[in-house]
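Chemist: Residue numbers for the sequence shown follow this note's numbering, so the first one is 215 and each next one is one higher.
All C-beta atoms in this analysis are idealised placements derived from N, C-alpha and C, irrespective of residue type, glycine included.
Note that the structure is a prediction, hence the values are computed from the model and not measured.
Let me begin by handing over the structure; questions about it come next.
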Amino acid sequence: MMRLRNLSHSYGDEAVVDDVSLSIDQGEVVGVIGPSGVGKTTLLRLLSLFLEPDAGTVELDGDAVWEADEDERLALRRQVGMVFQDASLFDATVARNVEYGLRVRQPWRERLRDQLRSLVAARRLPGPVGRGLDAVGLRDPLQARVRSLVGTTEPPEAVTDALGVVGLDHKLDQQARSLSGGEAQRVSFARALAYEPDYLLLDEPTSDLDPRNTGLIEAAIGEARDRGIGVVVATHDMHQAERIADRVGVLLGDGFTEIGPTERIFEDPSDERTRKFISGELVY
């Protein structure tokens, strides 16, 4: 379980998150709804363990994250994945973009092995080295030897599996720059899913997507939940939260007005501010 207890964070003199508490279990989807500017993105950054709170505690499976030493905190951080509103992909193939999430969490020896594997796959060696080996006829024998040491140049199974979840496993070798916006966001989701995090955070993941890509992302969120991942989705789309979330937290200007089962929040909220926000009476 991930748990926030009485968490607060400010930018300068402005309190963006104030005395917020929230728990997320593995295997559930928690929707965080609220208007723009109430701290949804800051809340996700706090959950991602990259932003230290001014007050309160963050616990991951019983461990107080910000009381741990740096190495322990890095290990805890690796249990959390995040998908941002705007997909930021590298100028590389779809497979390499998804594999990046795996590489940055590997020990350095494994990262070196993967880099060598990449060079072999591309038949690419640094200019002077490649020309020198060509001159003496050793490029192919050397690459064959490296190939025997580092193994297959095929993408790891986790990469093809994650791309399958978002319906893009047929585009492994396509350049990311040629993708549509919706496809790029699905690749971003696959990159976070590939290393099998315990918790997955999504910041407005479908805000600029067409209905088809929105449906595919929502289906992928359901698949992540079925795999035992705890998912938090920050969205201004209340209909989306109602479709995909097991629980919903309503975040207004002064923190959560209430958190509870999705059906109850939308049909019988206990807080008057929640009721007014959902009905459209309370406008920010």
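With a threshold of 8 Å (Cβ to nearest heavy atom), would D300 be considered close to the ligand COA?
Modeler: Among the ligands in the structure shown, none appear at all, so the ligand COA cannot be discussed.
Chemist: If you run the structure through DSSP and keep just helix, strand and coil, what is M296?
Modeler: strand
Chemist: Which residue's Cα is closest to the Cα of H450: D424, H384, G248, E477?
Modeler: G248
Chemist: Can you check which of these residues, M452, R310, A306, G444, is closest to L465 by C-alpha distance?
Modeler: When each option's Cα is compared against that of L465, the closest is M452.
Chemist: Is G270 helix, strand or coil when you go by DSSP?
Modeler: strand
Chemist: Is it buried or exposed for E286, if we count other Cβ within 10 angstroms and need 16 for buried?
Modeler: exposed
Chemist: Could you give the DSSP three-state label for E228: helix, strand or coil?
Modeler: strand
Chemist: If contacts are defined as beta-carbon pairs under 8 Å, then V252 and G494 qualify, I think. What distance do you get, rounded to the angstrom?
Modeler: No, V252 and G494 are not in contact; Cβ-Cβ is about 16 Å, not under 8 Å.
Chemist: Which residue's Cα is closest to the Cα of E271: A301, L218, D424, G442?
Modeler: Sequence check: residue 271 is Thr here, not Glu. Ranking the options by Cα distance to T271, first place goes to L218.
Chemist: Is the separation between the beta-carbon of D275 and that of S222 shorter than 9 Å?
Modeler: no
Chemist: Considering only C-alpha positions, which residue in the set V246, L416, G463, D424 is nearest to I443?
Modeler: L416
Chemist: With a threshold of 8 Å on Cβ separation, who are the neighbours of V230 within its own chain once the five nearest residues in sequence on each side are excluded?
Modeler: H223, S224, G253, T256
Chemist: Which whole-angstrom value describes the C-beta separation of V244 and R461, a residue pair presumed to lie in contact below a C-beta threshold of 8 Å?
Modeler: 5 Å
Chemist: Going along the chain, which unbroken runs of the beta strand (DSSP E) with 3 or more residues stay wholly within the stretch 389-435?
Modeler: If we require 3 residues or more, the beta strand (DSSP E) runs fully inside the stretch 389-435 come out as 413-417.
Chemist: Could you spell out the range, first to last residue, of the beta strand (DSSP E) harbouring T449?
Modeler: Segment 444-449, the beta strand (DSSP E) holding T449.
Chemist: Where does V234 fall in DSSP's three states?
Modeler: Three-state DSSP puts V234 in a strand.
Chemist: Inspect the beta-carbon positions of L258 and V308 and report whether they are closer than 9 Å.
Modeler: no
Chemist: Leaving out five residues on either side along the sequence, give the residues of the same chain with a beta carbon under 6 Å from the beta carbon of D232.
Modeler: Apart from the 5 residues on each side of it in sequence, D232 sits with its Cβ closer than 6 Å to the Cβ of S222, G469 in its chain, given in chain order.
Chemist: Tell me whether F480 sits in a helix, a strand or coil according to DSSP, three-state version.
Modeler: Reduced to three states, the DSSP call for F480 is helix.
Chemist: In this structure, how does DSSP classify S222 when only helix, strand and coil are distinguished?
Modeler: strand
Chemist: Mind checking which residues open and close the alpha helix (DSSP H) that includes R291?
Modeler: Taken as a continuous stretch (DSSP letters only), the alpha helix (DSSP H) holding R291 covers 284-291.
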